[in-house]
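Chains as they are written, first to last, in the working numbering: chain A, 9 to 97; chain B, 12 to 133; chain C, 2 to 106.
Note that the Cβ used here is the ideal one computed from N, Cα and C, for glycine as well.
Take a look at the structure below.
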Amino acid sequence: MIAQDLVLDGALVLLALCLLVAAVRAVVGPTDADRVLAVDFGFLVTLCAVALLAVRLQTPALLDLVLIGTLVGFLATVALARLVVGRSR
Amino acid sequence: MSVQTVLGDVLLLTGVLLMLVAGIGLVRLPDLYNRTNAVAKAGGLGLVMVLLGVVVLDPGPAAVVVLLLSIALQLFTVPIAGFEIGQAARLSGAPFAPGTRVSADRAGLPDGEPGSTDDGDR
Amino acid sequence: MASFVAVYLGRFLTANVRVAGQVLRPRLTLEPVVVDHRLRCRTDAEVASFVALVGLTPGSLVVDRRDGVLTVHAMHATDPADELASLRDLEDRMLTAWRGTGGDA
């Protein structure tokens, strides 16, 4: 089990790197649509990390969070995309 | 370590590596439209593989149902989110990267005739 | 129907591998194209599922849809005509699977 914990910890570190990348893109991103995309990607990475944590901490209850997060992330992306369109008109 | 654990871990790691590739793509690719493809990959295959890995590791029947449901929802919503972002980019006039060959009539025109986007079945 | 699922799954996985390969290549060799695809789908359900299938494949992105014309951005295409042909092929297969008959209805 120790080996698996190490694998999961490594994966979580990689995901933290991804989140950093998303933050950079959200700050730099030349257009507003780029920022929306970065937020979307950040959401995906967070969901991934929650799923990994559920395995690492042996708490299946965290998986409900993944289900809700999928829906909230989708709605947030669509709402932000519409907002970008509305503002550019 | 059992076969089940190894298979689950391999799926988890592949998914995480796909997310990492998508992150690299988010930095390297030249324009918004190409970057959307990278993110679609992270959402479409990366997250689904991670969730499948968790399913293989068997967290219990209730959790498996929740996971399968979120995989289905994920596969359903990723293309819609990509479409929304693509359309937002077009309508707000995001430029294509140099070298893009446009052989479409209206591509690149941030035209905004009101009411022209909510078309029904014609 | 089952054969369509198998074909699409193969397409989806190869597209994933191709996009990953392009991102990781030391020098980017992208050849993006934007093409107009005239839809042969008729009902809303058919159009929606075609847009979803194209959008789910990494490397191709639906940018706009207006008056039965789909504007598609493809990340790597050697030739716009090839890209159009492959979209046409996918639509044919999808319509065959949905209706049980060929595309021109």
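Residues of the stretch 17-32 of chain B that bring their beta carbon within less than 8 Å of a beta carbon in chain C comprise 29, 32, in sequence order. Residue 89 of chain C sits in a helix when the DSSP states are folded into three classes. The distance from the Cβ of residue 88 of chain A to that of residue 53 of chain A is about 17 Å, inconsistent with a contact at the 8 Å cut-off. Taking a C-beta distance under 8 Å as the contact criterion, residue 79 of chain A and residue 84 of chain B qualify as a contact pair. Here DSSP, grouped into helix, strand and coil, assigns residue 66 of chain C to strand. Within the stretch 72-103 of chain B, the residues whose Cβ lies closer than 8 Å to some Cβ of chain C are 86, 87, 89, 90, 91, 93, 94, 97, 98, 100, 101, listed in chain order. Shown here, residue 97 of chain C sits in a helix according to DSSP, grouped into three states. When A:71, A:32, A:18 are compared, the shortest CA-CA separation from residue 58 of chain A is found for A:71. Of C:61, C:26, C:68, C:44, the smallest CA-CA separation from residue 74 of chain C is found for C:61. Inter-residue distance for residue 69 of chain B and residue 83 of chain C is about 44 Å (C-alpha atoms, whole angstroms). The three-state reading of DSSP puts residue 13 of chain B in coil, since its state is none of H, G, I, E or B.
Per DSSP, reduced to three states, the secondary structure at residue 50 of chain C is helical. Cβ neighbours of residue 8 of chain C within its own chain (closer than 7 Å, five residues either side excluded): 94. Judged by DSSP in its simplified three-state form, residue 71 of chain C adopts strand. One finds nothing in chain B with a Cβ atom closer than 8 Å to the Cβ of residue 46 of chain C; even the nearest lies about 10 Å away. The Cβ atoms of residue 92 of chain B and residue 43 of chain B lie no closer than 8 Å to each other. DSSP lists C:75 as the beta-bridge partner residues of residue 61 of chain C. Under the DSSP assignment, residue 33 of chain A falls in the alpha helix (DSSP H) whose first and last residues are 10-36. Residue 21 of chain A and residue 50 of chain A have their C-alpha atoms roughly 14 Å apart.
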